Every structure is written in structure tokens, then in C-alpha cells.
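Everything below concerns the one structure shown next.
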Amino acid sequence: MEIRQLEEFALGEQERQAIQQLLGDCFPDYPADRIYYKQLPDFRLLAWENDRLVGHLAVEHRMIDIGGMAARIFGIADFCVAGDFQHRGLGTQLLNRLEQLGKEHAVDFLLLLASRHEVYLHNGFQLVQNPCRWLIIHDHRAPGVNHRRLPEALLVKALGSKPWREGVVGLL
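Residues 7 to 178 (the working numbering) make up the sequence shown, in order.
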């Protein structure tokens, strides 16, 4: 098993095809014509077993506002593991690699939205209840800004000394 970090702009056709296949297998409603859901990530962690992509984690590196405090985050997107590799620790390996990168590069938090929490809670994430504000993106257009709580969806993990705050999370 090999985990590779690859910047989005450096993806080759082989990687794109493998990512599209894995995303389609893991997320049946995933757009069939692209390898990102709403926005391109900055980089990806790709787990390969021989020539087969068996794990994927897309990462957005950005600044956000948490109740008036600026924070550097790695936003996690499209995290998936091939069915026959689930429950074998691969998801934890990918999250650990991302955590290590974050700590090496002064990232304050890992952050994601998820409906299933088990793997994240097992890996030290916390479910938080902050209201959020983000840009609505639909078919490559931005028709507005949404502002609401995301109950049972927003998960964070602190990587440094900054504490998570109450207040609006600005993801703009």
C-alpha cells in the first residue's frame, strides 16, 4: 500500500480516471463528468494498492473565520475507501497522513461536513454546532450565500494550540 500526495494541477489522466471510478463506486450520486463535487481541491491523498486506487481524500487549504478568529484549515472532501478495503484501517491512515501534514505546515484545524461520523470520531474529531456561512455553488455558478446551522454534520479536529470557538464559521 502506498499513499501519495498529489497537487490537483499535477493529476495525470491515469489518476483522473482512477479517482472518477472510485468516487462513482463510493458515491452513486456523484457527478459522472468530473472528479470534484463543487470546487477543485488543492491536493489529494491517494492510496494505491499496486495499480488500483483504493483510497481517496481531497483537501482544500484555506483560511476561515471562526467567531472572529482567523484560522488556517485543511477542509476534507470526497473521503472514500474502496469497499473491499474498508474496516482495514486505510481511512485512519489517510486521516493520520493529513494530520501529520497539517501539523508540519501550521494548519490549525481539520474540518469537514459528514452525515456519518464514526471514522472521524474514532480519529479524534469533534462534532460542533456552530452556525455557518458559505457560498452556494450550483453548476459552476454562485447564486448566493447560505447562512445556517448544520446540525449533526460539522466535524473539526484541532491540530495546534488554537481552541475551537463558538460563533459563526465563515467558509467564504
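Cβ coordinates follow ideal geometry from the N, Cα and C atoms, glycine included. Quick caveat, the model's predicted, so the values are computed rather than measured.
Identity of the residue in the options nearest residue i by Cα
{"i": "R50", "options": "R40, E66, D145 and V175", "result": "E66"}
{"i": "F80", "options": "D48, A88 and Q92", "result": "D48"}
{"i": "E105", "options": "A77, L165 and G73", "result": "L165"}
{"i": "Q23", "options": "V60, D35, M7 and I9", "result": "V60"}
{"i": "G97", "options": "N129, L29 and L107", "result": "N129"}
{"i": "A159", "options": "S167, F131 and R94", "result": "F131"}
{"i": "L161", "options": "Q135, I41, E21 and H146", "result": "Q135"}
{"i": "R171", "options": "G73, R122, Q92 and R94", "result": "G73"}
{"i": "H62", "options": "G30, L133, R147 and I70", "result": "G30"}
{"i": "R58", "options": "L28, A76 and L119", "result": "L28"}
{"i": "M75", "options": "L133, F115 and D145", "result": "F115"}
{"i": "F33", "options": "L107, A120 and L101", "result": "A120"}
{"i": "H146", "options": "Q26, R40 and R10", "result": "R40"}
Residues bridged to residue i (per DSSP)
{"i": "E55", "result": "R58"}
{"i": "E8", "result": "W54"}
{"i": "P137", "result": "R155"}
{"i": "R78", "result": "M69"}
{"i": "A64", "result": "R50 and A83"}
{"i": "V162", "result": "L117 and Q132"}
{"i": "E13", "result": "F49"}
{"i": "I142", "result": "G150"}
The alpha helix (DSSP H) enclosing residue i, as first and last residue numbers
{"i": "A24", "result": "E19 to C32"}
{"i": "L177", "result": "Premise fails: L177 is in no alpha helix (DSSP H) and is neither H nor E."}
{"i": "K109", "result": "L96 to E110"}
Practice prompt. For the stretch 94-112 and the stretch 144-155, state whether three or more C-beta atom pairs, one from each stretch, are separated by less than 8 Å.
Written response: no
Worksheet item: Three or more beta-carbon pairs under 8 Å between the stretch 66-78 and the stretch 9-18, yes or no?
Response: no
Worksheet item: With contact counted as at least three CB pairs below 8 Å, one residue from each stretch, are the stretch 79-96 and the stretch 27-45 in contact?
Response: yes
Worksheet item: Touch check for the stretch 135-149 and the stretch 165-176: three-plus C-beta pairs under 8 Å?
Response: Here the stretch 135-149 makes contact with the stretch 165-176; the two share three or more CB pairs at distances below 8 Å.
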